[in-house]
Amino acid sequence: MLINSLFRRLRSERHPHAIVHLCFILVLFFSTFLTWREVLVLKETYETERQIKLSAVADRLERQFQFSLDSLLFYRRMLQYALANPRDTNDSRYAIRLFNELRLQPSWSLNVNTQRNMPLNGVSDLWLRSLALLDRSNGYRLQNELRAALEFSFILQFTEPEKDFEQRLWYLSRAGFFISSVPPVDSQQILSSYYTMIHRAYFTDMMPERNPTRRLRWTASYPDSLNGGVVVTVSVPVDDDNYWYGVLAMDFASDKIYTYLRQAIPVGGQDTVLLLDRARKPLAASGSIPLRDAEALFDAAEREQLRQQMAQGSRGQLRIGSRFVSWTRMHNFDGLLLSVQSLKEGIQGETGRVTLVLLIIWLFFTLMLLLAWLTVERLVDKLLKLQRNLYQRASYDPLTQLLNRGTFFEQANPLCALCELHQQPLALIQLDIDHFKQVNDTWGHHIGDRALQHTATVILSQLRASDLCGRIGGEEFCIVLPETDGQEASKVAERIRSTLAAAKLEIDEKHSLLITASFGVVSSQEQGSWDIEKLQPVADRRLYMAKQRGRNQICWLD
203 MLINSLFRRL
213 RSERHPHAIV
223 HLCFILVLFF
233 STFLTWREVL
243 VLKETYETER
253 QIKLSAVADR
263 LERQFQFSLD
273 SLLFYRRMLQ
283 YALANPRDTN
293 DSRYAIRLFN
303 ELRLQPSWSL
313 NVNTQRNMPL
323 NGVSDLWLRS
333 LALLDRSNGY
343 RLQNELRAAL
353 EFSFILQFTE
363 PEKDFEQRLW
373 YLSRAGFFIS
383 SVPPVDSQQI
393 LSSYYTMIHR
403 AYFTDMMPER
413 NPTRRLRWTA
423 SYPDSLNGGV
433 VVTVSVPVDD
443 DNYWYGVLAM
453 DFASDKIYTY
463 LRQAIPVGGQ
473 DTVLLLDRAR
483 KPLAASGSIP
493 LRDAEALFDA
503 AEREQLRQQM
513 AQGSRGQLRI
523 GSRFVSWTRM
533 HNFDGLLLSV
543 QSLKEGIQGE
553 TGRVTLVLLI
563 IWLFFTLMLL
573 LAWLTVERLV
583 DKLLKLQRNL
593 YQRASYDPLT
603 QLLNRGTFFE
613 QANPLCALCE
623 LHQQPLALIQ
633 LDIDHFKQVN
643 DTWGHHIGDR
653 ALQHTATVIL
663 SQLRASDLCG
673 RIGGEEFCIV
683 LPETDGQEAS
693 KVAERIRSTL
703 AAAKLEIDEK
713 HSLLITASFG
723 VVSSQEQGSW
733 DIEKLQPVAD
743 RRLYMAKQRG
753 RNQICWLD
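Numbering (the working numbering), first residue to last: 203 to 760.
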């Protein structure tokens with residue numbers, strides 16, 4: 203409110219602290235600004251250096267993933283071509299005949315030529331009936347798929363799992379069989395492998411309803427039930443003639459990714475580099491930190507902070523505690539490459555050493571400046587304390603701590619003018635303690651002083667922060683109530699009168715004194731004027747009318 207803001211300004215202390223603070227702050231600001239400019243340049247240099255190094259590592263990994271993904275898409279095109287253009291050969295006819303002999307067995311392995319192809323491994327017709335997603339009821343499609351799978355198996359023999367970036371390349375069919383560059387060792391593994399694969403997301407998410415664009419998708423990392431360790435899988439659906447046949451996929455082992463990650467990091471790199479999967483779980487970590495401990499680098503709150511920052515862009519940087527984190531999103535892998543450098547590692551670099559020297563110089567200068575600031579501040583405090591004492595004596599009644607007569611009217615005039623400017627009502631209450639001279643004569647002036655203090659306390663307890671109250675005479679008080687009409691002012695006066703009359707002043711253990719007062723109330727609406735010099739005499743006149751009518755009452759009309 204305007205009135206409250208006015209009173210806050212009027213009641214606030216104005217002292218030379220502001221000038222002292224301003225001078226020292228300006229000096230500190232400019233010294234800090236110049237230092238900060240240099241720090242920003244060094245910070246930008248450091249961040250750019252970190253991002254360039256991380257991008258270089260990412261580019262090397264990207265090339266490895268890109269080669270594998272190109273191969274995967276090539277194999278899919280080959281399978282789709284073979285499905286659209288089936289070849290009827292002696293080997294394919296033999297494979298179909300052999301499949302018809304084996305299809306009723308719980309698990310089977312079909313190998314036409316052990317020297318030229320990888321085996322087809324599958325489950326029985328009865329086993330397939332338990333899952334609605336699987337189907338081998340269409341004999342024409344099944345034969346075409348078997349021919350295409352046979353051709354694909356010829357290519358799988360050329361894969362080298364020990365040397366290739368990917369650990370395993372495989373095709374999983376909805377018709378109850380799969381081909382893998384790392385074939386299962388026995389019938390039990392055939393069943394467990396097929397059951398596990400068809401229930402994983404890399405298979406179920408390839409349904410046309412879940413993947414209408416038919417693009418490749420990555421999984422989050424998961425434990426490999428075949429070879430142990432942690433793997434991540436990328437898969438693509440294999441379709442032909444608007445029919446989904448199955449999934450072609452590649453597995454990437456954490457151990458192999460770790461090897462390539464170590465090779466991609468420049469010699470002398472001291473920071474920790476993490477490759478995170480799509481679920482933001484560590485897939486590989488450089489340095490001496492074990493993969494199982496990599497996730498413990500950040501607590502839950504820090505991981506959430508990272509997640510929010512990573513969602514805002516494909517690359518970025520963030521300081522978490524004493525660690526500096528840089529990340530970049532991979533293009534050929536659904537994940538992020540993350541670099542974590544501790545403060546100690548950062549300081550050991552060239553940029554860190556220069557920054558440290560600059561900060562020490564700035565800190566020394568700032569300490570000297572603060573010492574001078576403190577010295578001057580103490581001198582100002584002593585002068586200010588003396589000034590406040592003088593102001594208190596000049597503006598406030600020392601007995602009641604209310605405004606004295608001069609200060610009261612000095613503050614009341616602008617308040618009345620502000621109400622008049624905004625055409626807001628204003629009321630004035632003047633009160634006088636009844637039989638105050640008799641109290642002094644009977645009990646002494648020290649009891650009279652206590653009566654004045656008691657009255658001032660009661661008055662203040664019934665007023666708002668925006669109201670103005672002062673002691674303008676011996677036992678006479680005046681109150682200005684902004685934004686208050688005559689009726690409301692009368693209610694305020696009545697509250698003060700009744701509270702004062704009910705609260706006896708205890709003189710000693712045996713005696714108490716009843717203090718009452720008479721009130722005169724006037725409002726700007728009634729008088730048509732907001733001038734304190736005009737309103738106060740009217741209230742004073744009504745005050746004495748209340749005394750003439752018997753005291754301890756309120757008069758608001760002539």
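Don't be surprised by glycine CBs; every beta carbon is placed ideally from N, CA and C. Please read these numbers as outputs of a predicted model, since none were measured by experiment.
* CA nearest to the CA of residue 419, picked from 427, 440, 425, 431 -> Closest option to residue 419, Cα to Cα, is 440.
* **Residue interval of the beta strand (DSSP E) (run including residue 452)** => Run containing residue 452: 445–455, per the beta strand (DSSP E) assignment.
* Under a three-way DSSP split, which group does residue 370 fall into? -> Residue 370 falls in the strand class under three-state DSSP.
* Would you mind giving the Cβ-Cβ distance between residue 585 and residue 741, rounded to the nearest angstrom? I have them listed as a contact below 8 Å. => Residue 585 to residue 741, Cβ: 41 Å. No contact.
* Roughly how many whole angstroms lie between the Cα atoms of residue 356 and residue 281? -> One C-alpha to the other measures close to 12 Å.
* Neighbour-count burial assignment, residue 434, 16 or more Cβ in a 10 Å radius -> The residue is buried, with at least 16 neighbouring Cβ atoms inside 10 Å.
* Please list the segments of the beta strand (DSSP E) lying wholly inside the segment 306–384, counting only runs of 3 or more residues, in order along the chain. => Taken in chain order, the complete beta strand (DSSP E) segments of 3 or more residues contained in the segment 306–384 are 309–312, 322–325, 370–375, 379–382.
* Confirm, please, whether the CB-CB distance from residue 658 to residue 715 is below 8 Å. => Taking 8 Å as the Cβ cut-off, residue 715 and residue 658 do not qualify as a contacting pair.
* Taking residue 233 as the reference, give the member of 572, 735, 605, 676 with the closest Cα. => Ranked by Cα distance from residue 233, the options 572, 735, 605, 676 are led by 572.
* Rounded to the nearest angstrom, how far is the Cβ of residue 367 from that of residue 458, given a contact under 8 Å? -> In this structure residue 367 touches residue 458 by the C-beta definition: roughly 6 Å separates them, less than 8 Å.
* To do: Count the other CB atoms, across all protein chains shown, that sit within 10 Å of the CB of residue 210; report buried if there are 16 or more and exposed otherwise.
  => Low confidence applies here, because residue 210 scores a pLDDT of 49, under 50, leaving its location unreliable; read the following figure in that light. Burial call: exposed.
* Asked: Leaving out five residues before and five after residue 241 in sequence, what residues of the same chain have Cβ atoms less than 7 Å from its Cβ?
  -> Contacts found: 557, 560.
* Run the CB neighbour count on residue 624, radius 10 Å, all protein chains shown included, and call it buried at 16 or more, exposed below. => Burial call: exposed.
* Whole angstroms is fine: what's the gap from residue 277's alpha carbon to residue 517's? => For residue 277 and residue 517, the distance between alpha carbons rounds to 32 Å.
* Asked: Cα-Cα, which of 430, 645, 473 is closest to residue 550?
  -> When 430, 645, 473 are compared, the shortest CA-CA separation from residue 550 is found for 473.
* Whose C-alpha, out of 544, 288, 304, is nearest the C-alpha of residue 500? -> With distances taken between Cα atoms, residue 500 lies closest to 544.
* Could you tell me which of 335, 329, 351 sits nearest to residue 393, measuring between CA atoms? => When the alpha-carbon of residue 393 is set against those of 335, 329, 351, the nearest one is in 329.
* Asked: By the 10 Å Cβ neighbour count, where 16 or more other Cβ atoms means buried, how is residue 570 classified, buried or exposed?
  -> Exposed.
* For the beta strand (DSSP E) that contains residue 435, what are its first and last residues? -> That run of the beta strand (DSSP E) goes 432–442.
* Asked: Is DSSP giving residue 669 helix, strand or coil here?
  -> DSSP, reduced to helix, strand and coil, places residue 669 outside both helices and strands of the structure shown, so it counts as coil.
* Three-state secondary structure assigned by DSSP to residue 675 -> DSSP places residue 675 outside both helix and strand once states are collapsed to three, so it counts as coil.
* **When 750, 484, 576 are compared against residue 538, the one with the closest alpha-carbon** => When each option's Cα is compared against that of residue 538, the closest is 484.
* At which residue ranges does the segment 603–677 contain complete beta strand (DSSP E) runs of 3 or more residues, listed in the order of the chain? -> Here the runs fully enclosed are 628–635, 670–673.
* Which value, in whole angstroms, describes the spacing of the CA atoms of residue 444 and residue 388? -> Straight-line Cα distance between these residues: approximately 35 Å.
* Assign residue 408 to one of two classes, buried (16 or more other C-beta atoms within 10 Å of its C-beta) or exposed (fewer than that). => That one is buried.
* Among residues of its own chain, excluding the 5 on either side of residue 601, which ones have a beta-carbon nearer than 7 Å to its beta-carbon? -> Same-chain partners within the cutoff: 651, 654, 655.
* Expected contact under 8 Å - CB spacing of residue 744 and residue 733 to nearest Å -> Incorrect: roughly 17 Å between the Cβ atoms, too far for contact.
* Could you tell me whether the Cβ atoms of residue 553 and residue 244 are closer together than 8 Å? => Their beta carbons are under 8 Å apart, which means residue 553 touches residue 244 by this criterion.
* **Contact check, residue 660 vs residue 702, beta carbons under 8 Å** => Contact flag set, yes.
* Using beta-carbon positions only, say whether residue 635 and residue 696 come within less than 8 Å of one another. => Contact flag unset, no.
* Write down every uninterrupted run of the beta strand (DSSP E) in the segment 674–709 whose length is 3 residues or greater and which is fully enclosed by it, in chain order. => DSSP assignment within the segment 674–709 yields the following whole beta strand (DSSP E) runs of 3 residues or more, N-terminal first: 678–684.
* Asked: Per DSSP, which one or two residues make a beta bridge with residue 563?
  -> According to DSSP, residue pairing for residue 563 in a beta bridge does not occur.
* To do: Can you give me the Cβ contacts of residue 748 inside the same chain, cut-off strictly under 7 Å, excluding the 5 residues immediately before and after it?
  => Cβ neighbours of residue 748 within its own chain (closer than 7 Å, five residues either side excluded): 720, 721, 722, 755, 756, 757.
* Asked: With C-beta atoms as the reference, is residue 375 less than 8 Å away from residue 351?
  -> Inclusion of residue 375 and residue 351 in the CB contact set at 8 Å is warranted, their separation being smaller than that value.
* To do: Compare the Cα-Cα distances from residue 437 to each of 527, 273, 548, 487 and report the closest residue.
  => Considering only alpha carbons, the answer is 273.
* Determine the direct distance from the alpha carbon of residue 229 to that of residue 205, and round the result to whole angstroms. => Low confidence applies to residue 205: its pLDDT is 45, below 50, so where it sits in the model is not reliable, and the reading given next is rough at best. The straight-line gap from Cα to Cα measures roughly 37 Å.
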